[in-house]
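Going line by line, the protein sequences match chains A and B.
The first sequence maps to residues 20 to 400 in this note's numbering.
The second sequence maps to residues 29 to 734 in this note's numbering.
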Amino acid sequence: MSSNLKYRSATRSSFGKFDLLLIVAVTGLLAIGTLLVYAGTREWFRSAGLDPEYYLKRHIINILIGSLLAYGTTLIDYRLLRAYTPVIWGAAVIGLILVLIPGVGLEVNSAQAWIALPGGFQLQPAELAKIAIIIGIAMILADRDRADKDPTTSDVLMALALAAVPILLIVAQPDLGTVLIISAAVVAMIGASGAQARWVVGLLLLGAVGVVTAIQTGAVSEYQVARLESFVDPSADPQATGYQLRQSRITIGSGGLFGKGLFDGPQTNGRFVPEQQTDFIFTVAGEEIGFLGCSVILLLYLLIFIRAFSICRRSSDLFGRLVCIGVIAWFAFQTFENIGMTMGLMPMTGVPLPFLSYGGSSMFANLIGVGLLLNVHARSR
Amino acid sequence: MSLRARINLIVFQTLVFSLLLALFGRLFYLQVLESDKYQDAAISIQSRDVVTPAIRGAITDINGTPMVIDLPGLVVSIDRVVIDKQEDKGVTVLSRVANLFSLQYSDVYQRTRLCGELPKDNRAGCWNGTRYQPIPLVGGASQDTALEVMENSDFYPGVEVSSVPIRSYPSLVGENVAHVLGYVGQVTDEDLKNPEVNYYRNEVVGKSGLEIEYNQFLRGVPGVRTFLVNRKEVVTKEDKNIQAIAGNHLITNIDARLQSGVEKALEAAVKRARASGYRGDSGAAVVLEIKTGRVLAMASYPTYDPSIWQKGLTVKQAEDLFSESKGVPALSRPLQGLFAPASTFKSVSVVAAAAAGYPLNASYNCPATVEIGNRTFKNFDSIAAGRIPLDLGLAISCDSLWYQISYDEWVRDGGLKPKSTANDYFFNAAKSFGVGQLTGIDLPSELKGRLPNRQWKQNWYEQNKDFYCNYKQRAKKADLSVYLIEIARENCIDGNKVRAGDAVNFSIGQGDTLVTPLRLAQMYAAIANNGTYYKPQVARAIVDVDGKVIKEFKPEVADNIKIQQSTWDFLHKSLRMVVTRGTAAGVFSGFPVAVSGKTGTAQVFGKNPNGSAKDDTSWFASYGPTNDPQYAVVMMVSQGGFGASTSGLGVRDIYATLFGVNANKVDLEKAIFPTGVPSTIAKVDLKQVAKKVDFTGVKVGGMKLK
Numbered sequence: 020m021s022s023n024l025k026y027r028s029a030t031r032s033s034f035g036k037f038d039l040l041l042i043v044a045v046t047g048l049l050a051i052g053t054l055l056v057y058a059g060t061r062e063w064f065r066s067a068g069l070d071p072e073y074y075l076k077r078h079i080i081n082i083l084i085g086s087l088l089a090y091g092t093t094l095i096d097y098r099l100l101r102a103y104t105p106v107i108w109g110a111a112v113i114g115l116i117l118v119l120i121p122g123v124g125l126e127v128n129s130a131q132a133w134i135a136l137p138g139g140f141q142l143q144p145a146e147l148a149k150i151a152i153i154i155g156i157a158m159i160l161a162d163r164d165r166a167d168k169d170p171t172t173s174d175v176l177m178a179l180a181l182a183a184v185p186i187l188l189i190v191a192q193p194d195l196g197t198v199l200i201i202s203a204a205v206v207a208m209i210g211a212s213g214a215q216a217r218w219v220v221g222l223l224l225l226g227a228v229g230v231v232t233a234i235q236t237g238a239v240s241e242y243q244v245a246r247l248e249s250f251v252d253p254s255a256d257p258q259a260t261g262y263q264l265r266q267s268r269i270t271i272g273s274g275g276l277f278g279k280g281l282f283d284g285p286q287t288n289g290r291f292v293p294e295q296q297t298d299f300i301f302t303v304a305g306e307e308i309g310f311l312g313c314s315v316i317l318l319l320y321l322l323i324f325i326r327a328f329s330i331c332r333r334s335s336d337l338f339g340r341l342v343c344i345g346v347i348a349w350f351a352f353q354t355f356e357n358i359g360m361t362m363g364l365m366p367m368t369g370v371p372l373p374f375l376s377y378g379g380s381s382m383f384a385n386l387i388g389v390g391l392l393l394n395v396h397a398r399s400r
Numbered sequence: 029m030s031l032r033a034r035i036n037l038i039v040f041q042t043l044v045f046s047l048l049l050a051l052f053g054r055l056f057y058l059q060v061l062e063s064d065k066y067q068d069a070a071i072s073i074q075s076r077d078v079v080t081p082a083i084r085g086a087i088t089d090i091n092g093t094p095m096v097i098d099l100p101g102l103v104v105s106i107d108r109v110v111i112d113k114q115e116d117k118g119v120t121v122l123s124r125v126a127n128l129f130s131l132q133y134s135d136v137y138q139r140t141r142l143c144g145e146l147p148k149d150n151r152a153g154c155w156n157g158t159r160y161q162p163i164p165l166v167g168g169a170s171q172d173t174a175l176e177v178m179e180n181s182d183f184y185p186g187v188e189v190s191s192v193p194i195r196s197y198p199s200l201v202g203e204n205v206a207h208v209l210g211y212v213g214q215v216t217d218e219d220l221k222n223p224e225v226n227y228y229r230n231e232v233v234g235k236s237g238l239e240i241e242y243n244q245f246l247r248g249v250p251g252v253r254t255f256l257v258n259r260k261e262v263v264t265k266e267d268k269n270i271q272a273i274a275g276n277h278l279i280t281n282i283d284a285r286l287q288s289g290v291e292k293a294l295e296a297a298v299k300r301a302r303a304s305g306y307r308g309d310s311g312a313a314v315v316l317e318i319k320t321g322r323v324l325a326m327a328s329y330p331t332y333d334p335s336i337w338q339k340g341l342t343v344k345q346a347e348d349l350f351s352e353s354k355g356v357p358a359l360s361r362p363l364q365g366l367f368a369p370a371s372t373f374k375s376v377s378v379v380a381a382a383a384a385g386y387p388l389n390a391s392y393n394c395p396a397t398v399e400i401g402n403r404t405f406k407n408f409d410s411i412a413a414g415r416i417p418l419d420l421g422l423a424i425s426c427d428s429l430w431y432q433i434s435y436d437e438w439v440r441d442g443g444l445k446p447k448s449t450a451n452d453y454f455f456n457a458a459k460s461f462g463v464g465q466l467t468g469i470d471l472p473s474e475l476k477g478r479l480p481n482r483q484w485k486q487n488w489y490e491q492n493k494d495f496y497c498n499y500k501q502r503a504k505k506a507d508l509s510v511y512l513i514e515i516a517r518e519n520c521i522d523g524n525k526v527r528a529g530d531a532v533n534f535s536i537g538q539g540d541t542l543v544t545p546l547r548l549a550q551m552y553a554a555i556a557n558n559g560t561y562y563k564p565q566v567a568r569a570i571v572d573v574d575g576k577v578i579k580e581f582k583p584e585v586a587d588n589i590k591i592q593q594s595t596w597d598f599l600h601k602s603l604r605m606v607v608t609r610g611t612a613a614g615v616f617s618g619f620p621v622a623v624s625g626k627t628g629t630a631q632v633f634g635k636n637p638n639g640s641a642k643d644d645t646s647w648f649a650s651y652g653p654t655n656d657p658q659y660a661v662v663m664m665v666s667q668g669g670f671g672a673s674t675s676g677l678g679v680r681d682i683y684a685t686l687f688g689v690n691a692n693k694v695d696l697e698k699a700i701f702p703t704g705v706p707s708t709i710a711k712v713d714l715k716q717v718a719k720k721v722d723f724t725g726v727k728v729g730g731m732k733l734k
């Protein structure tokens with residue numbers, strides 16, 4: 020990329036340090052997401068006699084805060100981030116412990132994942148944990164005497180130990196979806212660090228065995244099992260989880276090629292799909308903007324990943340590359356997990372759709388993730 | 029970057045893009061390939077239909093006089109949306125309603141639940157529709173109770189009184205016609221599954237009689253208002269509003285005046301039988317037009333009030349309809365009652381004898397008894413009439429002359445070792461008259477009757493062989509008498525054979541032969557019409573609300589019996605003689621119109637529930653006027669005693685109504701069809717009902733009355 024080379028040594032305030040296509044793609048998704056959040060809540064709030072723009076306003080504020088955080092993330096040289104890693108990791112772990120304390124943590128949908136803040140705001144420490152783990156693992160696996168040497172067993176074990184603490188705390192909530200996403204990122208980073216293949220294979224096997232044992236021994240709550248069962252057999256629990264998944268599929272399918280038109284989806288306006296401004300935002304897209312609109316959304320995600328991989332390859336060091344891989348794995352698995360769930364490809368897990376779903380914590384985390392990518396890009400070769 | 033790291037990166041990159049590709053593929057599947065399916069599913073989730081039933085067409089008699097018509101009736105219904113919002117979910121209001129209408133609270137509760145709200149094994153009476161439709165609780169409520177609800181709406185929140193079309197039976201000339209008309213009821217799940225008709229949940233459809241036979245014409249098309257609702261079932265907007273289209277009217281061949289007369293004659297005949305000491309449990313009467321097969325009247329006794337179905341059948345009423353002790357009023361005996369035809373069958377035997385070459389104008393011996401094999405067959409009342417002409421033999425209903433003829437023919441056909449070329453004159457004659465087959469009348473659930481020929485015997489044997497060959501183990505203790513054991517032994521050995529006794533019994537219409545009164549009427553119409561007989565037809569035409577004829581039902585020849593004219597002539601002469609000199613001479617004495625007919629008094633084997641032996645079936649099958657036969661009239665009274673005194677008199681009453689006979693004088697003014705059955709299709713005249721019922725300003729069948 021000649022343009023990148025050209026601006027390689029430019030000043031930090033120059034616009035060229037940003038990957039324009041990445042920004043365009045993310046901005047596109049944020050814009051579409053804003054419309055979808057509005058479309059998914061307008062009629063509902065209006066008919067209840069409430070402010071129809073309530074969610075719209077809050078969503079825009081979340082985007083603005085998130086964008087500032089992203090911009091802030093780009094300002095500090097990512098190589099200096101290593102210094103802050105213990106602080107971020109420690110904050111995330113403390114947050115994750117706090118949510119488990121009754122009275123401090125809020126239980127929503129059977130998962131204790133939120134901390135209530137003054138002013139009606141809520142914080143989800145698991146989102147912060149994603150960033151902490153990605154940076155932490157990148158630091159351990161990249162921080163070696165000789166950068167061209169592959170990580171040793173003790174490096175990998177240290178990385179796993181660092182990830183294990185927050186993961187176990189999230190399992191306790193329980194928020195299986197986030198656990199899977201973080202685990203995917205961890206495995207991807209270990210693999211990309213050049214560690215031996217047996218680590219990747221071993222971790223994947225461990226993950227599979229772990230999920231099965233968790234269900235068998237009852238370590239996973241009945242709520243999680245019900246969600247999984249209704250994925251395998253949607254008629255198993257028609258009124259709750261199965262109902263949601265079926266409604267979700269019908270809503271997307273009924274959109275057809277062109278959709279029912281923005282704000283005109285009867286399924287959306289009738290709120291037949293619960294949580295349609297957060298976890299099920301994709302159903303609003305499916306019904307109202309149809310196959311063509313949804314294809315645009317998928318293409319924008321594709322563009323983000325293409326740019327992110329490009330940044331990854333051009334990263335000047337292993338640390339930057341691992342951060343990119345971590346962020347990509349996080350975004351990719353979360354996107355697949357979420358959209359796959361709405362279309363019946365994946366079991367139901369409560370994870371929001373990056374850049375589209377309403378929700379402060381995840382929006383902030385996603386945009387900080389983008390900030391990390393831009394940061395690596397700005398300092399790439 | 030090490031090589032391994034590089035490869036890992038490529039693998040990872042491929043994985044990420046595959047995930048996106050999988051999402052894209054699934055999206056394509058849901059939104060492009062399977063979109064139609066999901067669109068349908070979404071519509072059924074979002075929309076709720078509120079169905080307004082169409083006004084069902086009227087069923088009129090041959091003159092256009094309504095026999096059943098949709099009239100506005102007061103219906104008390106419950107609005108679930110309202111009562112569900114009450115603090116106690118409507119318990120208080122529903123118990124008030126139960127009180128007011130003297131209903132059980134548990135019934136009211138059950139009937140106002142959606143079927144889905146109740147456990148699967150306890151859904152009787154549940155509401156098939158949606159929460160948004162008023163749930164009808166009392167049909168045909170009285171003015172007083174309806175006013176009580178309307179004037180105290182604060183006391184009855186969620187209870188509505190509305191005027192809806194209710195199937196009503198004006199009975200303008202006192203006719204009942206319950207069995208012919210049939211009744212309507214709520215659609216069932218099976219109806220809803222019918223791929224040919226798009227029924228709606230709260231519709232009524234025909235369940236029996238003409239109502240089901242011509243349902244497609246009478247039904248009309250219900251109006252549908254479609255509302256969009258949200259997840260909380262709150263209506264968000266009205267999507268469609270399709271107006272109901274009234275059903276067409278059915279004009280029948282029934283003449284209400286004649287029908288009323290036939291019903292009264294039948295009831296009188298049954299009561300006469302009872303007064304003479306017979307059990308007289310039930311009866312049937314049929315009037316057919318000989319030259320067309322039109323059913324002019326058809327009555328079944330006991331009958332019931334057809335409006336009970338609409339008023340909401342109580343458990344007691346439902347039980348009574350099918351109760352043995354009440355005579356099973358639900359049964360339509362003209363086409364569902366199976367009885368041995370007895371001596372009325374001898375007309376068929378005449379045809380058989382003629383075919384076999386017996387001279388009809390000869391004399392035959394009519395002894396008191398005939399010995400066949402080791403059994404003695406007695407003449408009726410064991411009277412010896414000596415050697416008499418065959419026509420007189422028919423007139424006085426001699427049995428013993430038929431024993432001899434049929435036995436001789438049985439022997440000629442090979443007896444217990446039947447020839448493969450057996451003539452079977454008697455079986456074949458019966459078959460040509462349609463015994464054992466459906467008449468094809470345009471009413472549901474007709475029964476076939478039975479022709480006990482060699483094939484039937486064989487089938488019967490194969491089904492019962494096991495029972496008779498192991499009789500001592502299989503039979504009830506009470507049935508282990510020496511006589512019955514002997515019969516069982518015989519049945520086991522050669523139960524598949526037509527035995528001499530079977531042949532002999534067959535010739536006098538006894539034994540295993542069974543016919544419906546309708547079949548017998550058709551047989552006598554065939555005799556009167558020199559062998560041509562028609563499919564019995566109740567429907568005359570379908571007309572729309574503006575009177576336009578949509579469909580006309582023309583007479584259909586069912587069959588043509590081809591025998592010598594001399595045989596018909598002989599039968600006509602003999603059947604007239606029955607009325608002038610024979611068994612029916614007494615009951616028709618002085619009757620001013622010449623009619624012909626045949627009595628029948630059938631022995632019935634078996635016992636009544638109280639253990640008494642069953643009384644004889646009384647038959648009279650006839651046609652008239654003798655010289656130019658127009659009508660075939662048959663009456664049957666089960667356990668009614670003698671053919672002449674019970675049914676013969678009843679048939680005389682029917683002819684009196686038909687021809688306007690009063691005190692043995694014909695009064696053409698009073699005759700039903702003084703100039704024959706009208707050849708033009710009548711106009712439906714709903715205004716006749718208006719004279720009787722006040723429904724000012726109400727539209728009925730698309731016609732505004734008054």
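By construction, the Cβ of each residue, glycine as well, lies at the ideal position given by its N, Cα and C atoms.
When Cβ pairs closer than 8 Å are counted between the two stretches, the stretch 483-495 of chain B is seen to touch the stretch 525-543 of chain B, the count reaching three or more.
Counting along the chain, no alpha helix (DSSP H) covers residue 124(A); the unbroken beta strand (DSSP E) around it starts and ends at 124-127. Contact check for residue 67(B) against residue 68(A) fails: the beta carbons are separated by 8 Å or more.
A straight-line Cα-Cα distance of about 38 Å links residue 516(B) and residue 469(B). By the rule that beta-carbons nearer than 8 Å mark a contact, residue 266(B) does not touch chain A.
Listed by position along chain B, the residues whose Cβ is nearer than 8 Å to that of residue 288(A) are 258, 264.
Residue 581(B) places its beta carbon 8 Å or farther from that of residue 612(B). In the three-state DSSP reduction, residue 577(B) falls in the strand class (E or B). In this structure, residue 712(B) sits near residue 575(B), with a CB-CB distance shorter than 8 Å. Contact check for residue 237(B) against residue 246(B) fails: the beta carbons are separated by 8 Å or more. The beta carbon of residue 709(B) sits closer than 8 Å to the beta carbons of 279, 568, 569, 571, 577, 580 from its chain, once the five residues preceding and following it are set aside; these are given in chain order. In this structure, residue 450(B) sits away from residue 376(B), with a CB-CB distance that is not shorter than 8 Å.
The beta-carbon of residue 174(A) is placed no less than 8 Å from the nearest beta-carbon of chain B.
Residue 316(A) counts as buried, since no fewer than 16 other beta carbons sit within 10 angstroms of its beta carbon. Approximately 23 Å separates the beta-carbon atoms of residue 352(A) and residue 110(A); this is outside 8 Å, ruling out the contact. Each residue's CA atom was taken as its position, placing residue 456(B) and residue 558(B) some 17 Å apart.
When the beta-carbon positions are compared, residue 208(B) and residue 508(B) stay at least 8 Å from each other. Within chain A, not a single residue places a beta-carbon under 9 Å from that of residue 134(B); the smallest gap is close to 27 Å.
Here residue 197(A) is buried. Its C-beta has 16 or more other C-beta atoms within 10 Å. One alpha carbon belongs to residue 147(B), the other to residue 140(B), and they sit about 14 Å apart. Of the residues 256(B), 254(B), 239(B), 255(B), the one whose Cα lies closest to the Cα of residue 248(B) is 239(B). Neighbours of residue 66(B) across chain A, judged by C-beta separation under 9 Å: 268, 269, 270, 271, 272, 273, 274, 275.
If you draw a straight line from the Cα of residue 79(A) to the Cα of residue 267(B), it comes to about 34 Å. It is roughly 12 Å from the alpha-carbon of residue 66(A) to the alpha-carbon of residue 257(B).
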